[in-house]
Amino acid sequence: MQSTYDPKAIESRWYQRWEDAEAFRPEVNPDGEPFTIAIPPPNVTGVLHMGHALDGSLQDAIIRRKRMQGYAALWVPGMDHAGIATQNVVERDLKSEGLTRHDLGRQAFEEQVWEWKHARGGQIVHQLRTMGFSCDWTRERFTLDEGLSVAVREVFVSLYEEGLIYRGLRIINWCPVCATAISDIEVEHEDEIGTLTEFTYPLEDGTGGITVATTRPETMLGDTGIAVHPDDERYSGLVGKMVRLPLMDRLIPIVADSGVDLEFGTGAVKVTPAHDPLDYEIGQRHGLDSVIVIGTDARITEAGGQFAGMDRFEARVAVLDALSKLGVVGAAEEHHHSVGHCSRSGDVIEPLLSTQWFVKTQPLAEPAIELIKSGDAQFSPKRWENNYFRWMEDIRDWCISRQLWWGHRIPAWYCDDCDEIIVSRTDVEKCTACGGSVTADEDVLDTWFSSALWPFSTLGWPDKTADFDRYYPTNVLVTGHDIIFFWVARMLMMGVKFTGQTPFTDVVIHGLVRTEDGAKMSKSSGNVIDPLDLVEKYGADAVRLSLLQAAAPGHDIPLDEAWVEAARRFGNKLWNGVRFVTLQLDGAAVPATGGYPEAPVGIDAWILDRLHQVVREYDDLLDRYRFSDAVGLVYNFVWSEVFDWYLELSKATLRDPGRAAATKQTLGVVIRDVLKMFHPII
Ligand SMILES: [Zn+2]
Ligand SMILES: [Zn+2]
Numbered sequence: 000m001q002s003t004y005d006p007k008a009i010e011s012r013w014y015q016r017w018e019d020a021e022a023f024r025p026e027v028n029p030d031g032e033p034f035t036i037a038i039p040p041p042n043v044t045g046v047l048h049m050g051h052a053l054d055g056s057l058q059d060a061i062i063r064r065k066r067m068q069g070y071a072a073l074w075v076p077g078m079d080h081a082g083i084a085t086q087n088v089v090e091r092d093l094k095s096e097g098l099t100r101h102d103l104g105r106q107a108f109e110e111q112v113w114e115w116k117h118a119r120g121g122q123i124v125h126q127l128r129t130m131g132f133s134c135d136w137t138r139e140r141f142t143l144d145e146g147l148s149v150a151v152r153e154v155f156v157s158l159y160e161e162g163l164i165y166r167g168l169r170i171i172n173w174c175p176v177c178a179t180a181i182s183d184i185e186v187e188h189e190d191e192i193g194t195l196t197e198f199t200y201p202l203e204d205g206t207g208g209i210t211v212a213t214t215r216p217e218t219m220l221g222d223t224g225i226a227v228h229p230d231d232e233r234y235s236g237l238v239g240k241m242v243r244l245p246l247m248d249r250l251i252p253i254v255a256d257s258g259v260d261l262e263f264g265t266g267a268v269k270v271t272p273a274h275d276p277l278d279y280e281i282g283q284r285h286g287l288d289s290v291i292v293i294g295t296d297a298r299i300t301e302a303g304g305q306f307a308g309m310d311r312f313e314a315r316v317a318v319l320d321a322l323s324k325l326g327v328v329g330a331a332e333e334h335h336h337s338v339g340h341c342s343r344s345g346d347v348i349e350p351l352l353s354t355q356w357f358v359k360t361q362p363l364a365e366p367a368i369e370l371i372k373s374g375d376a377q378f379s380p381k382r383w384e385n386n387y388f389r390w391m392e393d394i395r396d397w398c399i400s401r402q403l404w405w406g407h408r409i410p411a412w413y414c415d416d417c418d419e420i421i422v423s424r425t426d427v428e429k430c431t432a433c434g435g436s437v438t439a440d441e442d443v444l445d446t447w448f449s450s451a452l453w454p455f456s457t458l459g460w461p462d463k464t465a466d467f468d469r470y471y472p473t474n475v476l477v478t479g480h481d482i483i484f485f486w487v488a489r490m491l492m493m494g495v496k497f498t499g500q501t502p503f504t505d506v507v508i509h510g511l512v513r514t515e516d517g518a519k520m521s522k523s524s525g526n527v528i529d530p531l532d533l534v535e536k537y538g539a540d541a542v543r544l545s546l547l548q549a550a551a552p553g554h555d556i557p558l559d560e561a562w563v564e565a566a567r568r569f570g571n572k573l574w575n576g577v578r579f580v581t582l583q584l585d586g587a588a589v590p591a592t593g594g595y596p597e598a599p600v601g602i603d604a605w606i607l608d609r610l611h612q613v614v615r616e617y618d619d620l621l622d623r624y625r626f627s628d629a630v631g632l633v634y635n636f637v638w639s640e641v642f643d644w645y646l647e648l649s650k651a652t653l654r655d656p657g658r659a660a661a662t663k664q665t666l667g668v669v670i671r672d673v674l675k676m677f678h679p680i681i
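Read in order, the letters of the sequence shown are residues 0 to 681 in numbering that gives the first Met the number 0.
Printed below as a string of structure tokens:
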């Protein structure tokens, strides 16, 4: 054993040795009970950040421990194709050559993205290895690989056939720069100061007007109604009357709707069904038209009359100007409100009425709620179950189509001659109704659609593979609380729907890694700690140890580099302790298990007693995913009791010929069991 602890050399040497020995494959324990974790697939564009480091350290601790307990432990790794993120990366490259994806055309562009993936994507896979994570790399999957694409199509077509996927007109989040619908998780809400301006629409009968307020005056071009609360006495005489919409000269009704907030503004709201989700609902309830006045290019459409062609923000000013000239503008005040921005481009999200594909989620949510209620699956910490129930009971239909080129193409074809829409597991050439030619749907699926199938698609479903039989359902899912709804909930819905079982039993939710003063790490704040820098400086084991030491259930981790430094010092201490014992044993073998002295006395009896107690407590804590308590327990035991006391005191008994043999034996088994407790961690 080398005299100094050199984590970098040791870590890479052992990782290679384990991988060569196929130690990460579940087949190393062929007779063991299966135990499976599917990794939350990082984006193919991703680079390792502290969140991955924590997430992976937790999973590796669980899987290594199960492997040691004799389970056929399988940790399935893989990556997500990350539709919009990946497409943006390649589009940026093209832009530097003065090209857009449209210059290349769809097929050539897709080929270019695949080329990018092979040449430069997936760095993160190497970085996960650097962390020492014991994934079974022979089973690595990619959400766009052939097998997973079959699973995606199977699920889409089945849901469509059952009426659980439909095409419809709904309000979606539209990013004008990315030119696609995006999911709620891709929208970042920022508090901004806008101007809330009042204006008055005249009643048709000439008896006065009704005053409304908005921060988006340009949307008034698309107003098709005014809504008031049914209990609002101020307006009880006006419900049912018509007002004349200024600038557009259109008659629109005043309706009573309990969705209106009595307390806000004047209590009367303009209703723009095509550009606001709540207005859309009000519009649906009262049969109001939806007039699209802002197009996908963020410009005013032909329906916007004299403002057609104007950019939406120019139109905001121009519409207000024109209304002022009509003398209908009233008070204006500063207004703090939350504005959605695209997390990729930063552009302001436009709520837009658009024809998209949707999953009807409510029928899928009910059995998924039941999985948790019945205890088939459980969250740890348990308190997250309440959030889960709240989200699931209030679930909205899920917009799954994206106007992108990189992703799973929607398996739908439209007849060029009749109205037929054909959704099929295999590609379609001719209309099944009239025999006419067909055009394929241009859109791809939301990336979360394929990740929702991850626990079973990675094991070979829909084929009845040996892996699916043996390793499904998986046992544990480890993830952050920020994607419980977007990912965990959808896996539960799809898992129970298509396999009849929960996709995993335990959902272990961890917090976020923050800066030492508790701030969120972000590129824009320049306070991001790169785990690979820490690995370079202190070794991967020090990073893992410090993260797990701090991983109290569900709590955020304010990471202090001093912790990692301390973990590195601990590694050194452990190294020296093991080295001391090895020298004492002088080549004598320690059995892999058992081998405890039969009738220990004195300090030997004491330390063995403590050892057995610590092992029991440690196991119990890890069974309950109390990582920080478990690590703290064994850390303190080793440092204070084994090293500071037992090793020191043993120096005397080792010199006593009557005691030396028993103490050597004790030293051997104590150090062996300590290393076993540490193996899942470092
Ligand atoms: Zn965008
Ligand atoms: Zn047809």
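Where a beta carbon is used, it is the ideal one built from N, C-alpha and C, also for glycine.
As the structure is a prediction and not an experimental result, all values here were calculated from the model.
In the structure shown, F263 falls within a coil segment according to DSSP collapsed to helix, strand and coil. The shortest CA-to-CA distance from T218 to any of L476, V290, T504 is the one to V290. Straight-line spacing of the CA atoms in T271 and A212 works out to 13 Å.
Rounded to the nearest whole angstrom, the CA to CA distance from M490 to P472 is 12 Å. The beta carbons of I606 and V641 sit closer together than 8 Å. Neighbourhood of ligand 2, defined by CB distance below 6 Å to any of its heavy atoms: C414, D416, C417, E419, C430, A432, C433, G435, in chain order. Of E597, A118, L544, the smallest CA-CA separation from G131 is found for L544. Per the coordinates, the alpha-carbon of S521 lies some 6 Å from the alpha-carbon of V527. Look at L620 here: in three-state DSSP terms it is helix. Bounds of the alpha helix (DSSP H) holding R128 are 122 to 129. By the neighbour-count criterion, in which 16 or more other beta carbons inside 10 Å mark a residue as buried, Y165 falls on the exposed side. Under the DSSP assignment, Q111 falls in the alpha helix (DSSP H) whose first and last residues are 105 to 119.
In chain order, the residues that have a beta carbon nearer than 5 Å to some heavy atom of ligand 1 are C174, V176, C177, C341, R343, S344. For H101, the three-state secondary structure derived from DSSP is helix. Non-local beta-carbon contacts of A84 in its own chain, meaning distances under 6 Å to residues more than five positions away in sequence, involve N42, T44 in chain order.
In terms of Cα proximity to I281, the closest of S235, D622, G224, A297 is G224. Between F141 and M78 the beta-carbon gap is near 5 Å, inside 8 Å, which marks them as a contact. When Cβ pairs closer than 8 Å are counted between the two stretches, the segment 535 to 555 is seen not to touch the segment 407 to 418, the count staying below three. Closest by C-alpha distance to V75, out of G258, G459, L547, P175, is G459.
One alpha carbon belongs to R249, the other to I420, and they sit about 36 Å apart.
Per DSSP, H335 is not a residue of any alpha helix (DSSP H); the beta strand (DSSP E) it occupies stretches across 328 to 341. Residue range 186 to 201 is occupied by the beta strand (DSSP E) that includes G193. Per DSSP, V630 is one residue of the alpha helix (DSSP H) stretching across 626 to 635. The continuous beta strand (DSSP E) containing N172 extends over residues 164 to 174. The DSSP assignment places 411 to 414, 420 to 422, 437 to 439 as complete runs of the beta strand (DSSP E) inside the segment 403 to 460, in order along the chain (cut-off: 3 residues).
Per DSSP, the unbroken beta strand (DSSP E) holding N474 starts and ends at 473 to 479. Shortest Cα-Cα distance from D296 to any of W486, G308, H285, A302 involves G308. T295 carries a coil assignment under DSSP once its states are collapsed to helix, strand and coil. Around the beta carbon of R100, 16 or more other beta carbons sit within 10 angstroms, so the residue counts as buried.
Residue range 489 to 498 is occupied by the alpha helix (DSSP H) that includes F497. In the DSSP secondary-structure assignment, F34 is bridged to A72. Straight-line spacing of the CA atoms in L93 and W447 works out to 26 Å. About 12 Å separates the Cβ atoms of C414 and A439, ruling out a contact at the 8 Å cut-off. With a cut-off of 8 Å on Cβ pairs, the segment 607 to 619 is not in contact with the segment 32 to 42, counting fewer than three such pairs.
According to DSSP, H228 shares a beta bridge with no other residue.
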